[in-house]
Each structure stands twice: as structure tokens, then as C-alpha cells.
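Okay, so here's the structure we're looking at.
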Amino acid sequence: MHRLTPSVRRLAAAKCSKTKNSKRCFASASPTSWDADENTSSLTKLFNPTDDHAALREMVRTFTEREVEPQALEYNRSETFNSSLFRKFGSENGGLGILGLTAPDDFGGTGLPDATAVSIVHEELSYSDPALCLSYLAHSILLVNNLAVNANEDQLARFMPGICDGSKIGGMCMSEPNAGTDVLGMKSNAVYDSDRDGFILNGTKMWITNGTMTGKETGDLFLVYARTGTEKRSDITQFVVEGGMEGFNVGQKITDKLGMRASPTAELVFENVFLPAKTHVVGDVNGATLCMMRNLEIERVALAAMAVGIARRSLDEMIAYASDRPAFGKSSLFGFGQIQKHISESYAEYMAGKCYLYAMANGLDLSTYGNGLDADGVKLYCATMTKNVADRAIQVMGGYGYCGEYAVERLWRDAKLLEIGGGTNESHHKNMARDLHKLDGNKLE
Amino acid sequence: MKKILVPIKRVIDYAQKIRVDPTKGPQGVQLKNVKMSMNPFCEIAVEEAIQLKEQNKGAEVVAISVGPKQCTETIRTALAMGADRGIHIETKPDVRGDYIDLQPWAIASLLKGIVDKEDAVDLVLLGKQSIDSDCGQTGPLLAGLLNAPQATFAANIERGDDGSFTVERETDTGTETIKLNASGKPAVITCDLRLNTPRYPTMPNIMKAKKKPVETISLEDMVKELGLDLDEVLTPKNEVVEVYEPPPRKEGETVGSIDELIGKLKEKGLVA
Numbered sequence: 001m002h003r004l005t006p007s008v009r010r011l012a013a014a015k016c017s018k019t020k021n022s023k024r025c026f027a028s029a030s031p032t033s034w035d036a037d038e039n040t041s042s043l044t045k046l047f048n049p050t051d052d053h054a055a056l057r058e059m060v061r062t063f064t065e066r067e068v069e070p071q072a073l074e075y076n077r078s079e080t081f082n083s084s085l086f087r088k089f090g091s092e093n094g095g096l097g098i099l100g101l102t103a104p105d106d107f108g109g110t111g112l113p114d115a116t117a118v119s120i121v122h123e124e125l126s127y128s129d130p131a132l133c134l135s136y137l138a139h140s141i142l143l144v145n146n147l148a149v150n151a152n153e154d155q156l157a158r159f160m161p162g163i164c165d166g167s168k169i170g171g172m173c174m175s176e177p178n179a180g181t182d183v184l185g186m187k188s189n190a191v192y193d194s195d196r197d198g199f200i201l202n203g204t205k206m207w208i209t210n211g212t213m214t215g216k217e218t219g220d221l222f223l224v225y226a227r228t229g230t231e232k233r234s235d236i237t238q239f240v241v242e243g244g245m246e247g248f249n250v251g252q253k254i255t256d257k258l259g260m261r262a263s264p265t266a267e268l269v270f271e272n273v274f275l276p277a278k279t280h281v282v283g284d285v286n287g288a289t290l291c292m293m294r295n296l297e298i299e300r301v302a303l304a305a306m307a308v309g310i311a312r313r314s315l316d317e318m319i320a321y322a323s324d325r326p327a328f329g330k331s332s333l334f335g336f337g338q339i340q341k342h343i344s345e346s347y348a349e350y351m352a353g354k355c356y357l358y359a360m361a362n363g364l365d366l367s368t369y370g371n372g373l374d375a376d377g378v379k380l381y382c383a384t385m386t387k388n389v390a391d392r393a394i395q396v397m398g399g400y401g402y403c404g405e406y407a408v409e410r411l412w413r414d415a416k417l418l419e420i421g422g423g424t425n426e427s428h429h430k431n432m433a434r435d436l437h438k439l440d441g442n443k444l445e
Numbered sequence: 001m002k003k004i005l006v007p008i009k010r011v012i013d014y015a016q017k018i019r020v021d022p023t024k025g026p027q028g029v030q031l032k033n034v035k036m037s038m039n040p041f042c043e044i045a046v047e048e049a050i051q052l053k054e055q056n057k058g059a060e061v062v063a064i065s066v067g068p069k070q071c072t073e074t075i076r077t078a079l080a081m082g083a084d085r086g087i088h089i090e091t092k093p094d095v096r097g098d099y100i101d102l103q104p105w106a107i108a109s110l111l112k113g114i115v116d117k118e119d120a121v122d123l124v125l126l127g128k129q130s131i132d133s134d135c136g137q138t139g140p141l142l143a144g145l146l147n148a149p150q151a152t153f154a155a156n157i158e159r160g161d162d163g164s165f166t167v168e169r170e171t172d173t174g175t176e177t178i179k180l181n182a183s184g185k186p187a188v189i190t191c192d193l194r195l196n197t198p199r200y201p202t203m204p205n206i207m208k209a210k211k212k213p214v215e216t217i218s219l220e221d222m223v224k225e226l227g228l229d230l231d232e233v234l235t236p237k238n239e240v241v242e243v244y245e246p247p248p249r250k251e252g253e254t255v256g257s258i259d260e261l262i263g264k265l266k267e268k269g270l271v272a
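Heads up: the protein sequence lines correspond to chains A and B, in order. Just so we're aligned, residue 1 is where the first sequence starts under our numbering, counting upward by one. Just so we're aligned, residue 1 is where the second sequence starts under our numbering, counting upward by one.
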């Protein structure tokens with residue numbers, strides 16, 4: 001094989017973990033370039049339905065290995081956001097062009113309205129840095145995709161290029177200090193001022209990913225939900241709020257989070273922020289529940305995909321560790337029943353989640369909604385699954401699993417968020433039970 | 001500048017653990033269920049070709065690969081990086097490219113035929129060697145067959161307005177600069193590690209790559225078309241006699257001090 005010259009060795013030394021895992025440093029390592037038999041292809045096809053998907057996965061995986069993995073531990077430690085790495089997801093300067101994955105290509109997006117592609121990117125990024133991926137999700141799904149689906153042509157022309165090319169980073173504001181799962185209980189409100197033909201927005205939003213980069217200024221662009229009517233609980237409107245608008249400020253950066261520490265979370269405050277009605281209202285006034293519904297499904301799929309990526313990493317780590325660790329005269333831990341149980345149960349659960357994810361994503365049409373049952377279901381299942389798999393990984397790895405350098409403790413902490421953010425387990429229970437109740441006596445397929 | 005050809009090879013992925021089946025003799029290196037990728041040096045060659053194309057508007061980059069059906073994925077990656085079209089010379093699935101069946105002479109002969117057929121080729125960029133056979137011969141052989149100017153182990157390439165190429169070569173003793181004069185023949189340059197950092201195929205380019213033309217032709221048909229002899233091409237010039245894994249690394253000895261280290265080295269006759 002090729003002799004390891006100093007430069008190759010340096011390239012290869014991007015530290016991933018102490019395990020013998022591969023440190024691929026050259027691109028084009030294709031997960032589907034198997035010299036395989038026919039048997040392997042049905043699952044591979046499920047996870048990569050077309051050549052484009054396989055190529056996308058390969059590209060993101062390589063980028064993740066080379067550039068995401070080496071920085072993950074450090075940014076987690078310092079609770080800071082790697083904005084320069086994030087901008088490489090944009091389309092400028094030879095970036096990957098995945099910020100606008102689902103946005104129309106005539107406005108700077110990639111024009112791939114495809115839940116499978118979304119799943120692939122989130123799975124691959126989360127293998128190394130779920131926190132960075134969470135920021136990516138808040139931006140590309142909660143902001144970019146929502147705009148792509150709900151905005152008018154003028155708004156697309158105005159806002160889309162900046163958030164696709166990597167120059168502007170943002171997210172979406174829905175939750176409040178006192179309203180999370182009870183989303184329609186929100187108190188932020190926007191009152192119409194006919195003199196100025198605009199809305200005056202007041203309120204506070206909480207747990208906003210990408211709310212601030214540094215803790216001082218707000219992010220660049222946000223979709224904000226606020227109450228605009230008092231007749232019905234659902235009289236909510238979606239607005240665009242730009243960083244720098246008067247009255248729009250950071251309340252506080254949320255620190256000391258259990259996990260997702262490299263993803264910046266903030267409380268955002270709106271004091272008499274003026275929003276012109278012609279340009280900064282997305283969709284219909286009082287019609288935001290439609291905007292919400294169109295976006296929640298893909299958000300849940302993306303979160304489930306993050307869970308699958310975390311689980312895959314946890315499995316790789318525990319398998320590698322168990323293979324190399326001798327004990328009681330046996331050459332590896334694979335000779336011990338409890339370890340066999342940890343690993344095999346993790347694998348089966350991971351595969352069940354992954355297959356549910358891709359089977360669901362492959363059929364999801366992003367321009368419609370009404371597929372909530374399985375979007376809720378896949379997130380509900382995968383979030384808890386990955387928490388358990390990460391937990392078993394720590395257990396298998398013992399003392400090493402407990403230390404930051406070995407990755408799995410960070411994955412375990414990051415995984416917990418998935419049972420809360422983007423829909424608590426309890427909210428999924430509520431939604432799914434309602435949908436199943438509606439079957440009204442009809443049996444499942 | 002009109003045309004740059006970049007032959008690329010699909011090999012076992014750089015980071016894969018190679019397994020050798022001792023019962024299979026020279027065919028021992030396991031290829032089943034093993035991850036394959038574009039040869040790292042070929043990737044560097046593709047990147048260089050794209051950069052030259054960007055500097056010389058109107059230049060066309062053609063990616064060529066000899067191998068089984070799955071080579072289309074490798075060519076696709078080159079297209080997604082920015083190559084304009086591909087040529088896939090498809091071999092039967094049991095034909096091995098890792099020196100067992102196809103060897104540099106055969107590849108160079110095929111490439112020479114393609115260069116002649118393509119016409120108006122300014123430059124052939126190759127990786128300096130492939131990481132499976134590690135021969136480093138295809139580039140030089142091709143240059144010889146074409147009677148073309150060549151430079152190997154390029155760490156920097158500049159194109160002159162007169163069509164010449166100035167290449168900085170890295171060797172074990174230092175760097176030398178060579179100028180390949182414009183000669184009416186394509187320059188043949190092989191690429192080394194420090195030449196560039198290959199770009200990622202961006203998402204929009206991955207999607208555009210689907211529309212780029214890839215010509216697929218079987219090895220047999222290509223050989224016939226080029227007027228070569230199939231037996232000549234397929235019969236390896238060198239026979240692989242044995243393939244084995246390197247012996248496991250023996251445990252070292254720990255010593256307590258520098259003096260002890262020197263003592264041990266002297267004992268083993270490793271220092272005077």
C-alpha cells in the first residue's frame with residue numbers, strides 16, 4: 001500500500017477517536033461503491049434511492065470526516081458556535097451548497113425538494129457533531145424550507161439568496177418562556193397599524209437555535225410566529241424579522257446546556273418591532289397554522305435522521321472498542337454475553353429506526369402535509385432509541401466511554417435533546433393518539 | 001487550451017483494512033464487500049484539471065476510467081467536481097485492476113489509443129501512482145508510447161501562453177523545475193500530494209453531473225476499435241507470484257534510560 005509520507009500521515013492524523021476507526025482523508029469514499037452481492041443492495045437502495053442520493057451521502061460523509069469531526073469536541077467544550085465552518089454549507093466560495101437544499105434553484109437553492117436528501121445530510125453530519133447539525137437544521141429546515149414553501153416570489157427574491165449562500169444565518173421563533181408544547185398558547189403578539197401598513201411586534205421567544213452567534217447580536221434572519229387575532233387560538237401569523245431591526249434584541253444566550261453545546265441557543269426579545277405588511281408577512285394573516293403544518297413534518301424527519309446518525313456513531317464506537325479490549329483471558333469483549341446483548345440490541349434498534357426513517361422520508365412530499373402520524377412516530381421512536389444506544393455505548397466502553405475524548409458521552413448528552421426539541425415525546429403522544437383515534441375503528445394496513 | 005484528459009482509477013478505499021485470504025494465492029486480496037473510492041492521486045489530478053479549465057475558458061476536461069460497471073460512480077464524482085464528460089471502458093466483473101489482470105502497460109496502451117482518437121489533447125493529467133498496485137508507471141509509459149514530454153510527481157503546474165507547462169517536481173532530495181515545451185504532443189504530467197487540495201463535489205454540481213455525457217464501451221470493443229490485440233492487452237506482462245499480509249509487528253522492549261537504549265542498540269549491532 002502507499003507509503004505514509006509525512007504529509008499523508010499529517011493528513012491522516014485528524015484525530016477522531018482513539019479507536020481504530022478509519023480516518024478517510026480523501027474524497028469520493030462512496031458508501032455504495034461496494035463490490036457487493038445482490039443481497040446488500042435492497043437496504044442500500046432504501047437508504048440511497050438514487051445515484052444523486054448516494055453521491056450526496058458520500059460528499060457529506062467525507063466533509064464530515066475531514067472538517068466536522070476534528071472540531072466537534074473543542075466547540076462543545078467551549079460552548080461556542082463554529083460559524084466559519086457553518087458557512088461552508090452555503091453555496092458561496094466553493095461551499096457545499098446544502099443550506100438551500102430544498103429551496104428553489106432560481107433563488108439560490110439547490111432545488112431538491114426531497115425529504116430523503118434532508119435525512120441523508122442530517123444523518124451524516126450528526127455522526128460527528130449533532131450540535132452543528134442542529135444549527136444546520138434550524139437554518140435549512142426551520143428557516144429556509146419554511147420560506148421556500150410559504151413565501152411569495154418577492155420574499156423569495158429578497159431573503160432566499162442570503163440564507164442559501166452562507167452569508168446570513170438564522171432560524172425560527174415559535175416557543176416562548178411559558179409556552180412550548182402548547183404552541184398556540186403563545187403570548188407574543190403583533191398589532192396592525194394601518195397608518196404605517198405594518199405590524200408592531202412585541203414578545204419574547206425562547207430556546208431559539210441560532211438566536212445569537214456571540215451572545216451580543218441576534219442572528220441575521222428569523223421567522224417569528226405571533227398572535228394577530230383574539231377570536232381563535234389559532235389566530236397566529238408568521239413574520240420575517242431581520243437582525244438589526246429596531247427593538248429586536250438578544251435577551252440572553254442560554255448557557256450550561258446539557259448537550260448541543262456548540263449550537264447557540266438564545267432568548268430573543270421583540271419590543272415594538274415594526275414589520276411592513278407587504279414584505280414581512282409570510283402567508284396569510286392569521287393563517288400561520290398552515291405554515292406550521294407544512295414544516296413540522298420535515299422538521300421531525302430531520303431530527304429523526306440526526307438520531308440515526310448519533311446511533312450509527314455510537315455503534316461504530318462500541319463495536320470497535322469491544323473488538324480491541326481483552327479481558328479474563330479472552331481477546332475481546334465480544335466473548336461476553338452482556339456485551340453481545342448491548343451491541344446486538346443496539347444494532348437491531350438502530351436498523352429499525354433507520355428503515356422507518358428512510359421508508360417514510362422516501363415517500364414524503366414536502367409540498368403537502370397530512371403525513372403527521374409517521375413523522376411523529378419516526379421521531380418518537382428514533383429519539384429514545386438513540387439515547388439508549390448512546391447509553392449502551394458508554395456502558396460497553398466503561399471508563400473511556402465516560403470521557404470526552406471518546407465521543408460517546410457527548411453523543412449521549414446531545415441525544416437527550418431529541419426527546420424534547422422539535423416536539424417533546426409528550427407532544428408526539430398527543431398527536432399520534434389523536435390520529436390513531438381518527439381511524440375510528442378501521443384497521444391498520 | 002482545448003482538451004485535458006484525466007485517467008482515474010477506482011481502488012480500495014485508502015482507509016480500509018486490507019484482508020488477504022491465504023487460500024487464494026496471488027488473488028488473495030479481498031475485494032468483496034470492500035469500500036472502493038477514487039484513487040487519491042487521481043482525485044488530485046482531477047482537481048488540477050478543473051483548476052486549469054477554470055483558468056483557460058473553453059477547455060474541456062474528460063475523465064476516463066477502466067474497470068467494472070461501478071466505475072461509473074467514480075466517473076460521476078469527477079463530473080461532479082467539474083469534469084465535462086466521461087469515458088468508461090468497462091471490464092468484466094472478474095477482471096482485477098490491482099495488478100493481477102490489468103497492468104500499467106495495458107492501461108497506457110488503451111490511453112494512447114484514446115489520446116489519438118480524441119485529437120487536440122493538450123494535457124494528460126494522472127495521479128502519480130495508484131494505491132493498490134503502487135506502480136507509478138502508467139504516466140511514464142503513456143508518455144513513452146506517445147513520444148510526448150512528461151514530468152512526474154508534480155507539486156505545482158503553470159501553463160505558459162505558448163502552450164508550455166512548467167512543473168515543479170518533488171523528489172527525495174529536493175524540488176526541481178522542468179519546462180515541458182509545446183510540441184504538438186500532449187504533455188503528460190503525474191500529480192503528487194502537495195499539488196492541490198481536491199474540492200468537494202457541491203450539491204448543485206452533483207445534480208448537474210447526471211446530465212453530463214458518459215460514453216461506456218466494453219474493453220473488448222475498445223481494444224478492437226483502437227486496433228490493439230486483446231490478448232496482448234489482457235495478458236499481464238508480469239505475474240504476481242505471491243501476496244501476503246505483512247507479519248504482525250513484534251512487541252518492542254521498554255528501556256529505562258538513554259544509556260540503556262544505546263547499550264541495547266550496540267548489543268543488537270544496530271549502532272557501532
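Backbone N, C-alpha and C define an ideal beta-carbon position, used for all residues, glycine too. Bear in mind that the values here come from a model prediction, so they are computed numbers and not experimental data.
Is there at least one Cβ from chain B nearer than 7 Å to A/I98's Cβ?
For A/I98, at least one C-beta of chain B is nearer than 7 Å to its own C-beta.
So within the segment 36-93 of chain B, which uninterrupted alpha helix (DSSP H) runs reach at least 4 residues, ignoring any that extend past its ends?
Correct list: 40-55, 71-81.
Would a check of beta-carbon distances place B/Y200 closer than 7 Å to chain A?
Output row for B/Y200: interface = yes.
Considering only C-alpha positions, which residue in the set A/N48, A/A226, A/L258 is nearest to A/M78?
Reading off the sequence shown, one finds Ser at residue 78 of chain A, where the question assumed Met. Of A/N48, A/A226, A/L258, the smallest CA-CA separation from A/S78 is found for A/L258.
Hey, out of A/T80, A/M397, A/V121, A/A307, whose CA is closest to A/H53's CA?
Of A/T80, A/M397, A/V121, A/A307, the residue nearest in Cα terms is A/V121.
According to the Cβ coordinates, are B/V124 and B/V46 closer than 7 Å?
No; because the gap between Cβ atoms is not below 7 Å, this pair is not in contact.
Touching or not, the segment 243-257 of chain B and the segment 126-133 of chain B, by the rule of three or more beta carbon pairs under 8 Å?
Result no; under three Cβ-Cβ pairs closer than 8 Å.
Which of the residues in the segment 55-71 of chain A, read from start to end, lie with their CB under 8 Å from any CB of chain B?
Cβ proximity to chain B below 8 Å picks out A55, L56, E58, M59, T62, F63 from the segment 55-71 of chain A.
Measure the C-alpha to C-alpha separation of A/S344 and B/D116 and round it to an integer number of angstroms.
Put simply, the backbone Cα of A/S344 is about 57 Å away from that of B/D116.
Under 7 Å between C-beta atoms, does B/P186 make it to chain A?
Chain A contact via Cβ: absent.
When you compare the CB positions of B/K112 and B/L79, do they come within less than 7 Å of one another, or not?
Their beta carbons are not under 7 Å apart, which means B/K112 does not touch B/L79 by this criterion.
Against chain A, with Cβ distances strictly below 7 Å, would B/M222 count as a contact?
No, its Cβ sits nowhere closer than 7 Å to a Cβ of chain A.
Would you mind giving the Cβ-Cβ distance between B/G286 and B/T166, rounded to the nearest angstrom? I have them listed as a contact below 8 Å.
Here chain B covers residues 1 to 272 and nothing more, so residue 286 of chain B does not appear.
Same chain, Cβ closer than 7 Å to A/E271, neighbours up to 5 away in sequence not counted:
Closer than 7 Å at the Cβ level, and outside the excluded window around A/E271, lie N202, G247.
By Cβ distance below 6 Å, which residues in the same chain neighbour A/K245 in space, the five residues on each side in sequence not counted?
The amino acid occupying residue 245 of chain A in the given sequence is Met; Lys does not appear at that position. Within the same chain, A/M245 has close Cβ partners V273.
Closer than 8 Å by beta-carbon distance: list the chain A residues that pair up with B/K92, in chain order.
Here the premise fails: no neighbours, minimum Cβ distance about 13 Å.
Please list, in chain order, the residues of the segment 207-220 of chain B that have any C-beta partner in chain A closer than 8 Å.
Answer in chain order: M207, A209, K210.
Is the beta carbon of A/A115 less than 7 Å from the beta carbon of A/A361?
Yes, the pair counts as a contact, with Cβ atoms nearer than the cut-off.
Reduced DSSP secondary structure (H/G/I, E/B, other) of A/Q395
Annotated three-state conformation of A/Q395 is helix, per DSSP.
Let me know the secondary structure DSSP gives A/Y225 once reduced to three states.
In this structure, DSSP gives A/Y225 an extended state, which the three-state scheme calls strand.
Under 7 Å, Cβ to Cβ, is there at least one residue of chain B near A/T110?
Judged by the 7 Å Cβ criterion, A/T110 is in contact with chain B.
Interface flag, B/P7 vs chain A, CB-CB below 7 Å:
Interface annotation, B/P7: not in contact with chain A, CB-CB separation never under 7 Å.
Residue closest to B/D284, alpha-carbon to alpha-carbon, out of B/L102, B/G163, B/E170
Residue coverage of chain B in this structure runs from 1 to 272, which leaves residue 284 of chain B outside it and unanswerable.
Which partner residues does A/P450 have in the DSSP bridge list?
Coverage of chain A is limited to positions 1 through 445, which leaves residue 450 of chain A absent and any answer about it impossible.
So what's A/D45 in DSSP terms, helix, strand or just coil?
Reading the sequence as shown, one finds Lys at residue 45 of chain A and not Asp. In the three-state reduction of the DSSP assignment, A/K45 falls in the helix class, which pools H, G and I.
Rounded to whole angstroms, what is the Cα-Cα separation between A/R413 and A/G422?
If I take the Cα positions, the gap works out to 16 Å.
So B/A80 contacts chain A; which residues on that side make the cut at Cβ distance below 7 Å?
A55, listed in chain order.
Excluding the 5 residues preceding and the 5 following A/V396 in the sequence, name in chain order all residues of the same chain whose CB lies nearer than 8 Å to its CB.
Cβ neighbours of A/V396 within its own chain (closer than 8 Å, five residues either side excluded): M318, Y321, A322, L333, I339, H342, I343.
Please tell me whether A/S126 and A/C133 are closer than 7 Å, where the distance is taken between their beta carbons.
Cβ atoms of A/S126 and A/C133: closer than 7 Å.
With 16 other Cβ atoms within 10 Å as the buried cut-off, status of B/E245:
By the neighbour-count rule (16 or more Cβ atoms within 10 Å), B/E245 is not buried but exposed.
Below 8 Å CB to CB, which residues in the same chain sit around A/K379 once its five sequence neighbours on both sides are set aside?
Closer than 8 Å at the Cβ level, and outside the excluded window around A/K379, lie R300, V301, L303, A304, A307, L418, G422, G423, H428.
Please check if any C-beta of chain A sits within less than 7 Å of the C-beta of B/M203.
Taking Cβ atoms only, chain A reaches closer than 7 Å to B/M203, which makes this a yes.
Does any C-beta atom of chain B lie closer than 7 Å to the C-beta of A/G162?
Judged by the 7 Å Cβ criterion, A/G162 is not in contact with chain B.
Along the alpha helix (DSSP H) that carries A/F248, what are the first and last residues, could you check?
Run containing A/F248: none in the alpha helix (DSSP H); it sits in the beta strand (DSSP E), 248-253.
Under 7 Å between the Cβ atoms of A/T212 and A/K168?
Going by C-beta atoms, A/T212 is not nearer than 7 Å to A/K168.
Classify B/E158 as helix, strand or coil using the three-state DSSP reduction.
DSSP, read as helix, strand or coil, puts B/E158 in strand.
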